[in-house]
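Residue numbers (my numbering), protein chains in the order written: chain A, 1 to 330; chain B, 331 to 660; chain C, 661 to 990; chain D, 991 to 1320. Virtual Cβ for every residue (Gly too), placed ideally from N, Cα, C. Here the structure is a predicted model, which is why all the values come from computation and not from measurement. Report on one structure; see the data block that follows.
There are 4 protein chains.
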Amino acid sequence: MIRVGLLGAGRIGQIHGRNVAASGKARLVAVADALPDACLSLATDLGARAASVEAVILDRDIDAVLICTPTDTHADLIEAAVKAGKAVFCEKPVDLSSDRIKACLAVVAKAGLPLMIGFNRRFDPNFAEARRRIAAGGIGAVELVSIISRDPSPPAASYVARSGGLFRDMMIHDLDMARFLLGEEPVEVHAVGSCLVDPGIGAAGDVDTAAVLLKTASGRIAQITNSRRASYGYDQRFEVHGSLGMVRAQNVPTSTVEVATGQGFLADPVLPFFLERYAAAYRAELDHFLSSVAAGTPPSPSGEDGLKAQLLADAATHSQQTGQPVRLTL
Amino acid sequence: MIRVGLLGAGRIGQIHGRNVAASGKARLVAVADALPDACLSLATDLGARAASVEAVILDRDIDAVLICTPTDTHADLIEAAVKAGKAVFCEKPVDLSSDRIKACLAVVAKAGLPLMIGFNRRFDPNFAEARRRIAAGGIGAVELVSIISRDPSPPAASYVARSGGLFRDMMIHDLDMARFLLGEEPVEVHAVGSCLVDPGIGAAGDVDTAAVLLKTASGRIAQITNSRRASYGYDQRFEVHGSLGMVRAQNVPTSTVEVATGQGFLADPVLPFFLERYAAAYRAELDHFLSSVAAGTPPSPSGEDGLKAQLLADAATHSQQTGQPVRLTL
Amino acid sequence: MIRVGLLGAGRIGQIHGRNVAASGKARLVAVADALPDACLSLATDLGARAASVEAVILDRDIDAVLICTPTDTHADLIEAAVKAGKAVFCEKPVDLSSDRIKACLAVVAKAGLPLMIGFNRRFDPNFAEARRRIAAGGIGAVELVSIISRDPSPPAASYVARSGGLFRDMMIHDLDMARFLLGEEPVEVHAVGSCLVDPGIGAAGDVDTAAVLLKTASGRIAQITNSRRASYGYDQRFEVHGSLGMVRAQNVPTSTVEVATGQGFLADPVLPFFLERYAAAYRAELDHFLSSVAAGTPPSPSGEDGLKAQLLADAATHSQQTGQPVRLTL
Amino acid sequence: MIRVGLLGAGRIGQIHGRNVAASGKARLVAVADALPDACLSLATDLGARAASVEAVILDRDIDAVLICTPTDTHADLIEAAVKAGKAVFCEKPVDLSSDRIKACLAVVAKAGLPLMIGFNRRFDPNFAEARRRIAAGGIGAVELVSIISRDPSPPAASYVARSGGLFRDMMIHDLDMARFLLGEEPVEVHAVGSCLVDPGIGAAGDVDTAAVLLKTASGRIAQITNSRRASYGYDQRFEVHGSLGMVRAQNVPTSTVEVATGQGFLADPVLPFFLERYAAAYRAELDHFLSSVAAGTPPSPSGEDGLKAQLLADAATHSQQTGQPVRLTL
């Protein structure tokens, strides 16, 4: 049994904490959080002890830590944890600064310990199955990837202000997904963005509606659209076109119920947000991390994947702000 | 070019008349109808002459007649037409009395001329394609057929009174379809029926909601449901289960438009009624009749098919009225 | 916390046992099973003690028992448990004999303790949501219910021999669902059945393909089809037609992935069998039982529901065997 | 009855010619084509006379001409026709040169005669219905338009060489559709393109796979993808997101048949190419032209619409070739 320490008892920390407890592969030993009540409550709930961040990192009986704290603490905690000999799972992003990420990855490399970044969508059963079909050759060589990702409603403007902007905060998931599906690194990024949903987001200097085009060296194309608004649920889909056909992974409806009347056939909205849509993905993601730690194999997506998605998000941000495409080499 | 005479210039006569004109395989020569204005109007419209029923039947320049007159004239007109040497297409049913149908078919057999009965649904492109898949072995041996057929709204009670009842008037199409799909004749009929839609139908001695079970000698089962009400359009579907899988033919929507809001995903109703849903079927049906006449091959469905569907409708009517299943040999 | 004892550590017992452990509303105290190894293994796994059936039933610290043993023990164990003051959840059926069920329910009534029967499908999120829509008036008055239920593959002939036959073993779930959806008791049952899937089932005196028509006093109609074979997964669907429209609950696909090639659009099979399809239903079912016990309210479906479904299954069996419809009053 | 002359008896000329003949609103008087046999054959077929282009244009008994000749003759013929007092319907594009289009439109404006450009997709019943829903406010203010358009297979390289390139030849339809749906003119165009399907297309200096981003002054975004390859049929879809929801118009399947086996649920490919998919659109398009001519109201899309789509195609071509976005004012 892998002994796990959890840093951060917020929404996402609770998900991972419960998944550790239910995994059958690991035991949650300790929980740390800046808010003592939240920490104690979750720890008690899951049969772990409440502890300080430092205590968790330094605890010799803990094999792996899950970093679910605010973004600006990620890089420091990763470094401290690998220096203390822990395997690390860290929520995306490692940092809002690519330079800081590079420095952190150097420390990780030196420590020689596994680091996995929480791009949970790779583990969505539908998305993972679609990629298996592509990898199995079902659609031939990939030519065009189209990703749609829409949040049900905009975040608070206060959150937006320290989020790094839509491309780093939201689209980074889709940029990682584009890399996951393209099978080749993008070399060019065109981005456009607008503030159409919430003027407060524009006032904070950000956009809430955006589209990106990526192109790889061999000419494969990916397009991504993001919006902070979707009345019909959390819209998470993609389709991939190849030389032999197309594979798509569609949304998951709230139920399979349909009502037919004179107005037509009304099917249910899609699952409302990430807690519902990605519940299975979070379980599979953690399972992969724990299995990798147990087997001594490198988990994926890696710190390098985290860096590359961040560099794409930086490029998209720059492109949107300057109105010019950005060329880059990952 | 086959020279065609049309008997009956009502709704269904107009459909067939126009399809003859547009077929490129035949020329509509004459139209007859008890209502002189309707007759003249359609004849003028289609470049044919208005004539009496007798004149059409006796016209030596006419090769084939389409009988689209009221049901109680069908058998007499079929007999007169084959005696006059015409190939005959007749709308279902030949007659409401099975005995009268048998007598009529004897006359047809003696004349040795082709008779085709208008079970248009066999020619619906979706239904025909589904049957081709079954015939091609795509689902193995047929085990279970399920047919749903619902009219958008009930007919006038006055129509119901002389219709022969729901099983002979409406379900006869589905009974023919069951034969078309089962690949084996039914030997047993269980029917239940209720008046749930329009009390006037009940007052006329009929039902408006019904279900039937058919069983063949080898044990294949078909079930059919009918209703005189469907708020979302003309509901016409079936599914067929076999030893290797299932094939189904679904409804045709009014459009492929979908609107997604907080209520969910609203797709359009299905095509409203038979004129829209079976427009292509009527064309294909007539094309088959004309091609058969041109080639000198027997058209299908035949007069025998008309009789067998009628016998099943009689059995269903009897079963519904007595509450007992009916065994029969077709 | 309700203290729960589990009788039966087989496939379904394991499901309920794990759901108790994960419910947060109850504690699994003891597990009993005729096979000591299975018993010990599950008990250890779930932090409960292994015990004899008698010990569980007589344990004063146990509030409720879950009966997941073979069918022929259900009635005796229900009686023993309620006599010992326990709330009881019992898998369907109470017994294969309706008389034995009646006797058992009399004992339960005398004891005044809650008895819930495991018609898990009522708790399927899709089915439950469909029924809420009906109850909310979304389709007006119910007129016609159509239920499709197909197992992926036939059971062993040895199982069939002591199963009570398809109507009591398999269709009983659909008969309960018909009652759940019709909103009125059936008064008439027509059944037909065939052996088309596995000759061994026929040799054991049973059918593997069947269809039933039910009619209520006011004329509402339900039709059910069952088959022991479905190549594309566990087929579990229904649709309900009312005066204003139709509601249907469709199957749950294995994933939302679709692959398009020259052959067409290939979507995934539906969930393979009941463990997958009804995982959420089993959780909701147990939650309802535990909540009812905690609140002191009668759980549903009740022992009476179990009896009525059994009487319908008896009637369907009789109808299939005699070829005659059966009238009954529930 | 409007008297119509048809210039061009090729594939698209035949469609329009037959639609005139079947319209009930106009009479096809004369057909002209550089190939005498094709001309005579179509004219005979439709009961019109074969004539020279000049004779058709100068015929005082002809009210309107349909220009279906090769692209490089369009502008000259439009000018000649309006000078001769004809209403003109012309297939897209007016010319491959925007300057030539402008000059042509000046001649049309001076003549004061109606000119309609054949952007047939606006008349597709699904697309038209989707736009009606948007216009009716069903999704609130438009924010994002996403258009997918894929041909089933690449054209001959010889065709490509004189086509003006993918953006002017193929995407021009989608650029017009984007204008139709955005409700606001684009001011910025980003395009990327690749040759992934047919190296011969690359050798001819063109791309076969492309994506474009458009942005309007108020920040609305449209994205379009094109490919010269789609194994599953002619892929023609869009979705439009607004402040209140989303409307989409999906493909039209070849049939509604579905086959379920162990591999899953196989639905039919979509309609194979434009003749099938846009048959109804061509009829509605011509009907609009004829109705406008009869009523004396300006038809739409106009020559200006043709010019604007061409300017967008020019901008996309430039953007793709230079790797830079293009700003423009329509």
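1) Pick out whichever of A:8, A:72 and A:220 has its Cα sitting closest to the Cα of residue 52 of chain A.
2) Check whether chain C comes within 7 Å of residue 1256 of chain D, counting only Cβ atoms and requiring the distance to be less than that.
3) Can the beta-carbon of residue 225 of chain A be found less than 7 Å from the beta-carbon of residue 148 of chain A?
4) Would you say the segment 81-90 of chain A touches the segment 246-260 of chain A, given that touching needs at least three Cβ pairs under 8 Å?
5) Can you find the residues in the same chain that come closer than 6 Å, C-beta to C-beta, to residue 66 of chain A, ignoring five residues on each side of it along the sequence?
6) So which residues of chain C does residue 541 of chain B contact, with C-beta pairs closer than 8 Å?
7) Please confirm whether residue 852 of chain C has its beta-carbon closer than 7 Å to some beta-carbon of chain B.
8) Give a yes or no on whether the minimum CB-CB distance between residue 575 of chain B and chain D is below 7 Å.
9) Is any beta-carbon of chain A found at less than 7 Å from that of residue 1221 of chain D?
10) Quick check: what's the CA-CA separation for residue 897 of chain C versus residue 911 of chain C?
11) Less than 7 Å between the beta carbons of residue 207 of chain A and residue 175 of chain A, yes or no?
12) Does the segment 462-479 of chain B come into contact with the segment 1246-1253 of chain D, if we say contact requires no fewer than three beta-carbon pairs (one atom in each stretch) closer than 8 Å?
13) Which value, in whole angstroms, describes the spacing of the CA atoms of residue 1204 of chain D and residue 227 of chain A?
14) Run through chain B and tell me which residues come within less than 7 Å of residue 856 of chain C, C-beta to C-beta.
15) Report yes if the C-beta distance between residue 300 of chain B and residue 518 of chain B is below 7 Å; otherwise report no.
16) Hey, would you say residue 152 of chain A sits closer than 7 Å to residue 278 of chain A, going by beta carbons?
17) Tell me, please, whether the CB atom of residue 678 of chain C is closer than 7 Å to any CB atom in chain A?
18) Just to confirm my understanding: we take residue 629 of chain C, look at its own chain, exclude 5 residues before and 5 after, and list those with CB closer than 7 Å. What are they?
19) Using the C-alpha atoms, what's the distance from residue 300 of chain A back to residue 1189 of chain D?
20) Going by Cα to Cα distance, which pick from C:952, C:945 and C:901 is closest to residue 800 of chain C?
21) Does any CB atom of chain A fall closer than 7 Å to the CB of residue 590 of chain B?
22) Taking the alpha carbon of residue 723 of chain C as the reference point, which residue from C:705, C:690 and C:755 has its own alpha carbon closest?
23) From the DSSP output, in three-state form, read off residue 223 of chain A for me.
24) Does the segment 1082-1096 of chain D come into contact with the segment 1062-1073 of chain D, if we say contact requires no fewer than three beta-carbon pairs (one atom in each stretch) closer than 8 Å?
25) Thinking C-alpha only, which one of B:363, B:426 and B:446 is nearest residue 616 of chain B?
26) Does DSSP put residue 831 of chain C in a helix, a strand or coil?
27) Is there a Cβ of chain A sitting closer than 7 Å to that of residue 896 of chain C, yes or no?
28) Answer with yes or no whether the minimum CB distance from residue 599 of chain B to chain A is below 7 Å.
29) Rank A:273, A:60 and A:80 by C-alpha distance to the C-alpha of residue 154 of chain A and give the top, closest one.
30) Taking CB distances under 7 Å as the criterion, tell me whether residue 731 of chain C reaches chain A.
31) Using only the alpha-carbon positions, how far apart do residue 993 of chain D and residue 1301 of chain D sit?
32) Assuming the contact rule is C-beta atoms closer than 8 Å, residue 1083 of chain D and residue 1296 of chain D should be a hit. Round their C-beta distance to whole Å, please.
33) So residue 980 of chain C is in the alpha helix (DSSP H); what residue range does that whole segment cover?
34) Look at the alpha carbon of residue 336 of chain A and the alpha carbon of residue 595 of chain B, and state the distance between them as a whole number of angstroms.
35) Considering residue 1112 of chain D, what are the terminal residues of the beta strand (DSSP E) in which it resides?
36) I'd like to confirm the pairing. Which residues does DSSP put opposite residue 568 of chain B in its beta bridges?
With the structure as the only source:
1) Working through the first sequence from its first residue, we reach residue 52 of chain A at position 52. In terms of CA proximity to residue 52 of chain A, A:8 leads the group A:8, A:72 and A:220.
2) Position 266 of the fourth sequence holds residue 1256 of chain D. Answer yes: the Cβ-Cβ gap between residue 1256 of chain D and chain C drops below 7 Å somewhere.
3) As a working mapping, residue 225 of chain A is identified with position 225 in the first sequence. As a working mapping, residue 148 of chain A is identified with position 148 in the first sequence. Cβ atoms of residue 225 of chain A and residue 148 of chain A: closer than 7 Å.
4) The segment 81-90 of chain A, when compared against the segment 246-260 of chain A, does not touch it at the 8 Å Cβ threshold.
5) As a working note, residue 66 of chain A is residue 66 in the first sequence. Result list for residue 66 of chain A: 6, 16 and 89, in chain order.
6) Taking the second sequence and counting its residues from 1, one reaches residue 541 of chain B at position 211. Ordered by position in chain C, the residues that pass the 8 Å Cβ test against residue 541 of chain B are 804, 873, 881 and 883.
7) Here residue 852 of chain C is taken as the residue at index 192 of the third sequence, counted from 1. With its beta carbon less than 7 Å from one in chain B, residue 852 of chain C belongs to the interface.
8) For the purposes of this step, residue 575 of chain B is identified with residue 245 of the second sequence, where counting begins at 1. Closer than 7 Å to some Cβ of chain D, the Cβ of residue 575 of chain B qualifies, so yes.
9) Translated into positions along the fourth sequence, residue 1221 of chain D becomes position 231. The C-beta of residue 1221 of chain D comes closer than 7 Å to at least one C-beta of chain A.
10) Along the third sequence, one-based indexing puts residue 897 of chain C at 237. Along the third sequence, one-based indexing puts residue 911 of chain C at 251. Straight across, the Cα-Cα distance linking residue 897 of chain C with residue 911 of chain C is about 6 Å.
11) Here residue 207 of chain A corresponds to residue number 207 of the first sequence, with the count starting at 1. Here residue 175 of chain A corresponds to residue number 175 of the first sequence, with the count starting at 1. Residue 175 of chain A sits away from residue 207 of chain A, with the two beta carbons spaced by 7 Å or more.
12) The segment 462-479 of chain B, when compared against the segment 1246-1253 of chain D, does touch it at the 8 Å Cβ threshold.
13) If you number the fourth sequence from 1, residue 1204 of chain D lands on position 214. If you number the first sequence from 1, residue 227 of chain A lands on position 227. Those two C-alpha atoms are separated by around 16 Å.
14) Counted from its first residue, the third sequence places residue 856 of chain C at position 196. Per Cβ cutoff of 7 Å: 473 and 549.
15) In this structure chain B extends from 331 to 660, so residue 300 of chain B is not present and cannot be described.
16) For the purposes of this step, residue 152 of chain A is taken as the residue at position 152 of the first sequence. For the purposes of this step, residue 278 of chain A is taken as the residue at position 278 of the first sequence. By the CB criterion at 7 Å, residue 152 of chain A and residue 278 of chain A fall outside the cutoff.
17) Taking the first residue of the third sequence as 1, we reach residue 678 of chain C at position 18. For residue 678 of chain C, the answer is no, since every Cβ of chain A falls outside 7 Å of its Cβ.
18) Outside the displayed span of chain C (661 to 990) sits residue 629 of chain C, for which this structure offers no information.
19) Position 199 of the fourth sequence holds residue 1189 of chain D. Position 300 of the first sequence holds residue 300 of chain A. The C-alpha of residue 1189 of chain D lies about 36 Å from the C-alpha of residue 300 of chain A.
20) Taking the first residue of the third sequence as position 1, residue 800 of chain C is located at position 140. When the alpha-carbon of residue 800 of chain C is set against those of C:952, C:945 and C:901, the nearest one is in C:901.
21) On the second sequence, residue 590 of chain B is found 260 positions in, with the first residue counted as 1. For residue 590 of chain B, at least one C-beta of chain A is nearer than 7 Å to its own C-beta.
22) As a first step, residue 723 of chain C must be located in the third sequence, where it is residue number 63. Of C:705, C:690 and C:755, the residue nearest in Cα terms is C:690.
23) To locate residue 223 of chain A, count along the first sequence from 1; it is residue 223. Three-state result, residue 223 of chain A: strand.
24) Here the segment 1082-1096 of chain D lies against the segment 1062-1073 of chain D, with 3 or more beta-carbon pairs under 8 Å apart.
25) Taking the first residue of the second sequence as 1, we reach residue 616 of chain B at position 286. Comparing C-alpha distances from residue 616 of chain B to each of B:363, B:426 and B:446 shows the shortest one belongs to B:446.
26) Looking up residue 831 of chain C in the third sequence gives position 171. Helix.
27) The sequence position of residue 896 of chain C within the third sequence is 236, counting from 1. Chain A contact via Cβ: absent.
28) Position 269 of the second sequence, counting from 1, holds the residue named residue 599 of chain B. With respect to chain A, the C-beta atom of residue 599 of chain B has a partner C-beta closer than 7 Å.
29) For the purposes of this step, residue 154 of chain A is identified with residue 154 of the first sequence, where counting begins at 1. Considering only alpha carbons, the answer is A:273.
30) Residue 731 of chain C sits at position 71 when you count from the first residue of the third sequence. Not an interface residue.
31) Position 3 of the fourth sequence, counted from the start, is the residue given in the question as residue 993 of chain D. Position 311 of the fourth sequence, counted from the start, is the residue given in the question as residue 1301 of chain D. About 33 Å.
32) Locating residue 1083 of chain D in the fourth sequence gives position 93, where the first residue counts as 1. Locating residue 1296 of chain D in the fourth sequence gives position 306, where the first residue counts as 1. The C-beta distance from residue 1083 of chain D to residue 1296 of chain D rounds to 6 Å, short enough to meet the 8 Å contact threshold.
33) Here residue 980 of chain C is taken as the residue at index 320 of the third sequence, counted from 1. Unbroken alpha helix (DSSP H) run through residue 980 of chain C: 963-982.
34) Absent from the structure is residue 336 of chain A, since the part of chain A shown begins at 1 and ends at 330.
35) What you label residue 1112 of chain D is simply residue 122 of the fourth sequence in a count that begins at 1. Taken as a continuous stretch (DSSP letters only), residue 1112 of chain D belongs to no beta strand (DSSP E), as it is neither H nor E.
36) Counting from 1 along the second sequence, the entry for residue 568 of chain B is found at position 238. For residue 568 of chain B, which the question treats as bridged, DSSP gives the partners B:477 and B:579.
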